[in-house]
Structure formats: C-alpha cells, structure tokens
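What follows is a short report on a single structure.
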Amino acid sequence: MFRLAFSSALKSSAFRSTSLKLPRSSHRAPSIPIRRPLSSSSNSQPSKICPQCSTPLPTALPLCPKCSYIANIPSTTPYHDLFNLNSGHNPFIVDTGLLKRRFLEAQRLCHPDTWAVKAPQKKLIADHMSSLINEAYKTLSSPLRRAQYILEQHGHELNETDQLQDHVLIMEIMEVREELEGANTQEEVEGIRDENRGKIDGVVEAIEECIGREDWEGAKKEAIRLRYLDGIQEAAKAWPNSVFDH
C-alpha cells in the first residue's frame, strides 16, 4: 500500500520538481572550515626534531615528551598531516588501523591531564591540540565524514539541504523503511542491516574511485547516497525504536 502510493507520487510532476527528505545518519560530519589543499607527502609533519632538545619527535605533532616542548598547531593543518598519513593521489584511501594507532599515541602525549602540572600556556596548547586530534580522527575514520572533509577542501561542500535525486535508490530506501517498520524479530533486522551494509560498501568504493580521478561532482552525489544509507543503518540499530521523518 505504501509503495503504491509512493510510486504514484513518483510519477507526478510535483514529485519530480522536489526531492524526498529521508532520515540521515546521526554521524553526519560537522561543518568544517575550508583548509589548504591536502598534503601529498608521506612525511609531512610540523617538525621531525625537537627544536628545544634535538630529540626525534615520536609523532607528527610539535610535542616532545622528553623536554616538555609543545607548540601550537594551526587549525588549518590538514588532518592527514596530523597523523603523518600519506594522502597521495587519493586522500580518501586511509589505513584505518594505522590511523588508530597513531591517534592513540598522539592523544596519549597531548592529553590535557598530562600537561595539567605544566605551565598554563602549555596546558592551553595541549587542550587545543587534543581537541584538534580528536576531531581529525573522527573525520578520517568515518567514510562519510572523510568524504565530506575532502570535498570541502576542493570547494564542493556537502550541505544538509543536499538531497537524493536517484529515484531508484529512493524506492529501495522506502522499501527498507517498510521492512524495518514491519520487522518482528532481531534476526529480520540483522538481515536488513547486512544487506544495507553491502550497499554501503559499494558506495564507498564508488566514492574512492570518484575522488581518485578528481570527479568531485560524482563524489558528492555518492556521498549523498552514503548519507542516506548510513541513516538506514542507524535506524536498524535503533530498532524497535526506529524514527523516520513522515
């Protein structure tokens, strides 16, 4: 019944002139200030040797645990550079295991508690550094947030008002919505999640390909698709308390 009504609406000129608003993922990346182009260097770090004691720095951060040297990091520093990740030709490709290890090490070194007994100015710098590292990790570890971040670096911001225009995928999403609303067991919901996960994997691959060839409009369209599919995953996780916009 729901699909019949929706199909009728799809054929109407009113529907063709507007886009359907569907639930989005709760992990949508926040608005990110435009930064300088992503670095392509595999060793692009603020400093390699501590300028104060000449000890090799353990991370890409201007921070030395040996002599307690710490310096400000510009908020415009590319996120890849904060973890000394090689963005290369395709910044969407990230070794998430390596990212996590470097994040944990960086966060351990710049954690505000570690600098609580140091000079107030150093603690302020550590606070800022810790916040920046956290945001960078959240962004790079999430395919959707990572795609949005890279798009913004190249002048193609993904806005909340950007909506899905693929009518076939819209119909598929509406069908999944019906299935979730009618599901009676956790097993049914897990089946829906597994199938949707496969679709997400396909879209993530498409984003990687688009960014690799610098097809920014194509990458943006795929990122919008990913946002809707992520919304389905969130709704499935929340079952039986899934909430949809009506």
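Quick note: the sequence shown, position 182, residue 796 per my numbering, numbers continuous.
Where is the CB? At the ideal position from N, CA and C, for every residue including glycine.
- Classified as exposed, Cys681 has fewer than 16 neighbouring CB atoms from the shown chains inside 10 Å of its CB.
- Here Trp729 is near Ala740, since their CB atoms are less than 8 Å apart.
- When beta bridges are read from the DSSP output, Ile684 appears opposite Leu677.
- Here Leu765 really is in contact with Ala833; their C-beta atoms are around 6 Å apart, less than 8 Å.
- Assignment of Ile663 by DSSP, reduced to helix, strand and coil, places it in the strand class.
- Residue pairing by DSSP places Pro670 opposite Ile663 in a beta bridge.
- The residues Val818, in chain order, have a CB closer than 6 Å to that of Pro757 in the same chain once the five nearest residues on each side in sequence are set aside.
- CA-to-CA, the gap between Pro726 and Leu718 works out to about 14 Å.
- Put simply, the segment 747-756 touches the segment 679-698. At least three CB pairs are less than 8 Å apart.
- In the three-state DSSP reduction, Arg827 falls in the coil class, being neither helix nor strand.
- By the neighbour-count definition (other C-beta atoms within 10 Å, threshold 16), Ser744 is a buried residue.
- For the pair of segments examined, the segment 695-707 was found to touch the segment 668-679: the number of CB pairs separated by less than 8 Å reaches three.
- Secondary structure note for Pro705: it is in no alpha helix (DSSP H), with a DSSP letter that is neither H nor E.
- Under a 10 Å Cβ-count criterion, Pro665 is classified as exposed, with fewer than 16 other Cβ atoms of the shown protein chains found around its own Cβ.
- Within the same chain, Cβ atoms closer than 7 Å to the Cβ of Ile707 are found at Glu822, the five residues on either side in sequence being excluded.
- Per DSSP, Gln777 is not a residue of any alpha helix (DSSP H), being assigned neither H nor E.
- Collapsing the DSSP output to three states places Trp853 in coil.
- A Cβ-Cβ distance of about 30 Å is found for the pair Asn686 and Ile825, leaving them out of contact under the 8 Å criterion.
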